[in-house]
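Following: one structure in structure tokens, then a few remarks.
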Amino acid sequence: MYHFTSQSLTASQRYKLISGSLVPRPIAWVTTLNKDDATIVNAAPFSYFSSMPSDTPLLSLAIGRQTNFEPKDTAANILAREEAVVHLVDADLAREMNQTAATLPADQSEVTQQHLATIPSQTISVPALALPKIRFETELYQYVPITDDHGRIQGDLFILKITDFYFKEDVLDPKQFHVDARIFNPLARLAGPTYGQIDHTFNLQRPK
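Take any residue in the sequence shown, count from 1 to its spot, add 20: that is its number in this note's numbering.
Here it is, written out as structure tokens:
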């Protein structure tokens with residue numbers, strides 16, 4: 021078994037080991053409103069993303085900072101406006117999602133550039149993308165700046181509270197509140213440019 025201490029590795033090496041090990045990861049495709057201009061809708065994908073073990077409906081979203089330690093557009097927008105729409109990505113939307121990962125100036129919209137259709141949200145002001153099968157309207161619940169050993173903020177951790185849930189009719193059984201993963205067909209992030217899909221599932225009964 022290979023063994024490394026954290027101190028013996030570069031930041032890039034540590035990132036590759038962590039991101040390549042914690043797989044598969046769901047992808048949060050996040051829309052926000054530009055912090056200075058509410059007519060500009062930002063969209064970007066992130067895979068350091070999960071739910072939280074709480075009766076309060078919470079999501080966690082971690083966004084690394086730019087090389088100059090400035091927040092990325094999505095993070096800056098959430099910090100300023102305290103709301104976002106989180107969409108889950110299915111395999112059919114892989115190309116569209118990936119195109120919004122390109123780095124654009126803050127005053128340019130990935131939604132406009134990629135000709136992505138949007139629809140209004142019900143509770144928050146941020147528009148949603150029309151195509152994803154699952155989405156959540158969210159408001160900022162808690163913010164945690166992640167600092168490095170020199171006290172510089174190297175990442176932004178957002179705890180987001182879900183205000184509204186949306187599911188396409190074929191994905192959800194509304195009586196049982198069961199999400200059909202096979203129909204949803206979620207896209208999973210692996211490492212680097214590699215993604216995956218669920219092609220086999222099985223059940224295990226939890227011991228009593």
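A virtual CB, placed ideally from N, CA and C, is assigned to each residue, including glycine.
- Leaving aside the five residues that flank Y186 on each side, the residues in its chain whose CB is nearer than 6 Å to its CB run, in chain order, R155.
- A contact is defined here as three or more CB-CB pairs under 8 Å, and the stretch 132–144 fails this definition with respect to the stretch 32–42.
- In the DSSP assignment, Q86 falls outside any beta strand (DSSP E) and carries neither an H nor an E.
- Cβ contact annotation for R85 (same chain, cutoff 8 Å, sequence separation greater than five): P91, K92, A95, I173, Q174, G175, D176, in chain order.
- Counting only unbroken stretches of 3 or more residues, the beta strand (DSSP E) elements lying wholly within the stretch 182–228 are 207–209, 215–217, in sequence order.
- Going by C-alpha positions, Q162 is about 21 Å away from P46.
- Boundaries of the beta strand (DSSP E) around Y163: 154–167.
- Between the alpha carbons of L124 and R226 lies a gap of roughly 47 Å.
- By the C-beta density criterion, F69 is buried, having at least 16 other C-beta atoms within 10 angstroms.
- Between L81 and M72, the C-beta gap is not smaller than 7 Å, which leaves the two residues out of contact.
- Around the beta-carbon of E157, 16 or more other beta-carbon atoms lie within 10 Å, marking it buried.
- By the C-beta criterion, the stretch 113–131 is judged to be in contact with the stretch 57–69, since at least 3 inter-stretch pairs fall below 8 Å.
- By the CB criterion at 7 Å, V43 and L207 fall outside the cutoff.
- Taking the Cα of R115 as reference, the smallest distance to any Cα among P165, H170, Y215, T183 is reached at Y215.
- Looking at the backbone, the Cα of F222 and that of V199 are separated by about 16 Å.
- Counting of Cβ neighbours within 10 angstroms places A104 among the buried residues, the total reaching 16 or more.
- By the C-beta density criterion, E130 is buried, having at least 16 other C-beta atoms within 10 angstroms.
- Secondary structure at A95: helix, using DSSP grouped into helix, strand and coil.
- The three-state reading of DSSP puts D56 in coil, since its state is none of H, G, I, E or B.
- Annotation for E130: the continuous alpha helix (DSSP H) segment containing it runs 130–133.
- Distance from the CA atom of S41 to the CA atom of K188, rounded to whole angstroms, is 32 Å.
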